[in-house]
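Visitor: First the structure, which I've put down as structure tokens, then a few questions once you've had a look.
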Amino acid sequence: MALKNVSNDEAPKMLEDIICSSEFSRGIQNQLICFSTINVLLSITSILGNGLILIALRKESSMHRSSKLLFRSLAIADFCVGVLAEPLIVTAYFSMLSGRWDVCRYSNFAIMVAGYILCSVSISTMTAISVDRLLALSCGLRYRQIVTTRRICVQITVSWVLPVVAVILYFVNYLITLWYAYIGIPLTLAVSLFCYMRIFSLLRRTQAQVQNDENRSRCHQTLPLNIARYKKMVSTTLFVQIALIICYLPYGIVEAFNAQSGLNTSVFLARESTVALVFLNSSLNPILYYWRMREVKLAVKNIVRSCFCLSD
């Protein structure tokens, strides 16, 4: 949500009310064309990449169903960025270039809604994945009893419904929507940080126990292999988490600066650059899955091969 800094008794001034004017857009036409081109390319890569990942996850059978559902939810959010958010922002840029201010206002408001929901889903899903990985290590054989498909489906539903409700509540009291983001984002990131710190602590302890247990030959042969596979999955999710933070953090910094100083042309251009970086995350995630997850990589290769065979 992009709001201009206001007093407690003032209604917020929306981004579209500021930028959708000839005075504001004058002199930045080249930059708007550049942003449009970048977002068109990101939209294509996000749709193709996440579309392939969704098909690959459907075919992949070795991953636990709960983990697969969480990655599907994240891929769907990234796919929706390519289908909804990026076409909307390109529409907003072209409406600013052509002077269609009504289209500019509607498209910018739609971007705000779509971006708020999809970014919230991505962040909360990454937190759920980190919790899932911690439970897989700490619960052992009880993991499949605790982390059931039904509970994961409930969690995914909540992660999609809550930001939608927060957006609806904006029309009742915009502060609810703002504080949902201000509290929710740091809280979920803190939970993820705790989970990964706990995971690495438990891994060190588990590996030490395996090395000291020389008499249990069966455990000594099988457990390291399981640990190696688990560490591979944890490193993959950690890569995705770090990529999300790197892509989202500049936007948060610019928005904080905007809230303090107010929006001008320079801040707007900096903001749109960081928005493109946020959207880039949706194109990076499929690359990380392909690079780090062997089963997904093989499934994607088979899908691409079958497509070429069909085209021939």
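Numbering (my numbering), first residue to last: 1424 to 1735.
Each residue gets a CB set at the ideal place from its N, CA and C atoms; glycine is no exception.
Leaving out five residues on either side along the sequence, give the residues of the same chain with a beta carbon under 7 Å from the beta carbon of asparagine 1431.
Guide: Low local confidence applies: a pLDDT of 42 at asparagine 1431 is under 50, so the model's placement there is unreliable, and no value is given.
Visitor: With a floor of 4 residues, list each alpha helix (DSSP H) that falls wholly inside the segment 1478-1562, ordered by position along the chain.
Guide: Scanning the segment 1478-1562 from its first residue to its last, the whole alpha helix (DSSP H) runs of 4-plus residues come out as 1488-1503, 1509-1521, 1524-1561.
Visitor: Could you tell me if aspartate 1440 is buried or exposed, where buried requires 16 or more neighbouring beta carbons within 10 angstroms of its beta carbon?
Guide: exposed
Visitor: Tell me the DSSP secondary structure of cysteine 1618 in three-state form.
Guide: helix
Visitor: Quick check on isoleucine 1467: buried or exposed, where buried means 16 or more other Cβ atoms within 10 Å of its Cβ?
Guide: exposed
Visitor: Alpha helix (DSSP H) containing threonine 1367: first to last residue?
Guide: A query on residue 1367 cannot be resolved here, the shown segment of the chain reaching from 1424 to 1735 and no further.
Visitor: Less than 7 Å between the beta carbons of leucine 1692 and leucine 1625, yes or no?
Guide: Not a contact, by the Cβ cut-off of 7 Å.
Visitor: How big is the Cα-Cα spacing for methionine 1519 and cysteine 1443?
Guide: 6 Å
Visitor: So isoleucine 1442 is in the alpha helix (DSSP H); what residue range does that whole segment cover?
Guide: 1438-1442
Visitor: Return the CA-CA distance between threonine 1572 and isoleucine 1456, expressed in angstroms with no decimal places.
Guide: 45 Å
Visitor: Per the contact definition of three or more C-beta pairs closer than 8 Å, is the segment 1446-1460 in contact with the segment 1533-1543?
Guide: Touching, no, given that fewer than three Cβ pairs across the two stretches are closer than 8 Å.
Visitor: Contact between the segment 1547-1557 and the segment 1651-1667: three or more CB pairs below 8 Å?
Guide: Short answer: they touch.
Visitor: DSSP three-state label for asparagine 1453, please.
Guide: Helix.
Visitor: Look at glycine 1505 and serine 1469 and say whether their C-beta atoms are less than 7 Å apart.
Guide: yes
Visitor: Three-state secondary structure (DSSP) at glutamine 1578?
Guide: Three-state DSSP puts glutamine 1578 in a helix.
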